[in-house]
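Chemist:
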Amino acid sequence: MEKQKKILKVSNKHTEKFGDFFQNSLGYIFKGHKDDYLKAYVRCHWKDIVGEQIAKNAAFVGIEQKEILLYSKRPDWANELTLMQEEIISKVNAYAGKNLAKTLRFINYLKADKTKQQKVKNNVALQRSLSFDNLTKEETEEIHKSVKSVKDGDLANVLEKYKSAALKLKKYKEKNFIKCKICGAYNEGEVCERCAVEKEKRLKSRTVKLLSDAPFLSYAEAAKEIEELTPDLFNKIRVEMVQRMAKTVNGRDGVTFESTCLTMLYKGMRPEYITEDMVLNTLKKLRFDLAAPPRFEKKEMIKCRVKQKSNC
Numbered sequence: 004m005e006k007q008k009k010i011l012k013v014s015n016k017h018t019e020k021f022g023d024f025f026q027n028s029l030g031y032i033f034k035g036h037k038d039d040y041l042k043a044y045v046r047c048h049w050k051d052i053v054g055e056q057i058a059k060n061a062a063f064v065g066i067e068q069k070e071i072l073l074y075s076k077r078p079d080w081a082n083e084l085t086l087m088q089e090e091i092i093s094k095v096n097a098y099a100g101k102n103l104a105k106t107l108r109f110i111n112y113l114k115a116d117k118t119k120q121q122k123v124k125n126n127v128a129l130q131r132s133l134s135f136d137n138l139t140k141e142e143t144e145e146i147h148k149s150v151k152s153v154k155d156g157d158l159a160n161v162l163e164k165y166k167s168a169a170l171k172l173k174k175y176k177e178k179n180f181i182k183c184k185i186c187g188a189y190n191e192g193e194v195c196e197r198c199a200v201e202k203e204k205r206l207k208s209r210t211v212k213l214l215s216d217a218p219f220l221s222y223a224e225a226a227k228e229i230e231e232l233t234p235d236l237f238n239k240i241r242v243e244m245v246q247r248m249a250k251t252v253n254g255r256d257g258v259t260f261e262s263t264c265l266t267m268l269y270k271g272m273r274p275e276y277i278t279e280d281m282v283l284n285t286l287k288k289l290r291f292d293l294a295a296p297p298r299f300e301k302k303e304m305i306k307c308r309v310k311q312k313s314n315c
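Mapping of the sequence shown onto the numbering used here: position 23 corresponds to residue 26, and the numbering continues sequentially without gaps.
(1) State the start and end residues of the unbroken alpha helix (DSSP H) segment that holds Tyr222.
(2) Can you tell which of Ala159, Lys204, Val242, Cys195 has the C-alpha that lies nearest to the C-alpha of Lys182?
(3) I need the straight-line Cα distance from Ile92 to Asp256, nearest angstrom please.
(4) Assign Leu86 to one of two classes, buried (16 or more other C-beta atoms within 10 Å of its C-beta) or exposed (fewer than that).
(5) Going by the CB atoms, is the gap between Leu73 and Phe3 shorter than 9 Å?
(6) In the DSSP output, which residue or residues are listed as bridge partners for Lys182?
(7) For Ala62, does the three-state DSSP call read helix, strand or coil?
(8) Return the bridge partner residues of Glu70 from the DSSP annotation.
(9) From Arg77, Ala81, Pro78, Ile66, pick the residue whose C-alpha is nearest to that of Ala104; which is it?
(10) With Glu145 as the anchor, note down where its alpha helix (DSSP H) starts and where it stops.
(11) For Asn111, which three-state DSSP category applies?
(12) Of all the options Ala223, Gly254, Asn253, Lys207, which has the alpha carbon lying nearest to the alpha carbon of Val242?
(13) Rounded to whole angstroms, what's the CA-CA distance from Tyr175 to Ala188? Just pull it up for me.
(14) Might you give, ordered along the chain, the residues of its own chain that have their beta carbon closer than 7 Å to the beta carbon of Ile185, omitting 5 neighbours on each side?
(15) Going by beta carbon distance, what residues of the same chain come within less than 7 Å of Ala225, once the five residues before and after it are set aside?
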């Protein structure tokens, strides 16, 4: 029995070493595309990562910009897994051996299907255009020389094909795409999607900080401090902040510092113009978003119901 245990220990060590060697060799062969390989690896082993029950109710769509995209037909499962997102993200990153994702989001299946179809069309068009592009003799000779040191003939052929395809792709991008102003990556517009998302995140954090210090600011006043801020983004951030702040306000306490700040943010008015009635009216309008709704008298409740029916 002791001999068998020793043999098993030795075999496990060898398999671990081979696994490390396999990962390193993939990193060498697929240099620059290792993340794409790991994302495909997660897709193939989604059931092993999260378990059979979750895999049945939540389909893995992909990982884009450090975000895991999932689809589920059942909203209860979507809500449950959203609460478990930290656990799922840690499992995915541990299985891949790299921090591939930071957040998790559920998307519409039809939208995901359309994006997949568009990607397939783009890949087909790209493959057709690359098949007609040929490398020069000097370029093919340089690639052949770089692979000469590899003793295994089959591996050398794979590396040579991969390097020639990568060079063709680079030349195609230089001809048909524009360099991003920020990171220099080739894409269709002046700024790539990744840089645009990061830019929006920076703008959001600056705007949130500005409105936290002065919640009464209008767009014109905020735009003087942040030049790249747009009206749509400003309104979106203000609505999100109102909803977030309302969750911390207790409407039963009446006029407080928190409810006054909420009114300034909601109305866009300076503190000297805020009255007690304005604060109470704001609490009534936002009563469904508050941590605890304000108490109404019977007459006020009847008035509210009449207004709701007349609006309908």
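Glycine is no exception: its CB is placed at the ideal position from the N, C-alpha and C atoms.
Modeler: According to the structure shown:
(1) 222 to 228
(2) Cys195
(3) 40 Å
(4) exposed
(5) As displayed, the chain neither begins before 4 nor continues past 315, which places residue 3 out of reach and without an answer.
(6) Tyr189
(7) strand
(8) Glu67, Thr106
(9) Ile66
(10) 140 to 150
(11) coil
(12) Lys207
(13) 13 Å
(14) Val194, Cys198
(15) Thr210, Leu213, Leu232, Phe237
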